[in-house]
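Below is one structure, written out as structure tokens; the observations come after it.
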């Protein structure tokens, strides 16, 4: 896909792709419990949904900040200006861009959290 084609793609398709990606855990749960007896399948499905909820909460609290906490250094967009703090094992003499873990965006809170940040979290 060229840069022009990516710029002219309607946002509807990006939202649809993100929404369909949210159905993947449900599909995996259905495949996982398909061969189990009735009550055991129900218990396993509820346990899997609980695990998905716990994982989503932990990603909201810690994972997003570690993954995207320094993305504002790489992509200089106005909506990502608050996400520019990251940890690096290398000294500052090596320059910017060597970060290994983001350190901003914990629990998606703070004054710099924008709609683009929430969109990045949901995708």
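Numbering (this note's numbering), first residue to last: 127 to 249.
Built from N, CA and C at the ideal position, the CB exists for glycine as well.
Per DSSP, the continuous alpha helix (DSSP H) segment holding residue 154 begins and ends at 150-159. Per DSSP, the unbroken alpha helix (DSSP H) holding residue 194 starts and ends at 190-194. Boundaries for residue 185: no alpha helix (DSSP H) harbours it, and the DSSP string shows neither H nor E there. Only residues of its own chain outside the window of five on either side were considered, and among them 198, 230, 231, 236, 237, 238, 239, 240, 243 have a CB closer than 8 Å to the CB of residue 208, listed in chain order. In the DSSP assignment, residue 199 falls within the alpha helix (DSSP H) that extends over 197-200. In this structure, the beta-carbon distance from residue 221 to residue 195 does not fall below 8 Å.
Residues 224, 225, 226 of the same chain have their beta carbon placed closer than 7 Å to that of residue 214, with the five preceding and five following residues left out of the count.
Listed as beta-bridge partners of residue 228 by DSSP are 212. Around the C-beta of residue 188, fewer than 16 other C-beta atoms lie within 10 Å, and the residue is accordingly described as exposed. Rounded to whole angstroms, residue 176 and residue 219 show a C-alpha spacing of 46 Å.
With fewer than 16 other CB atoms across the displayed protein chains lying within 10 angstroms of its CB, residue 143 is exposed.
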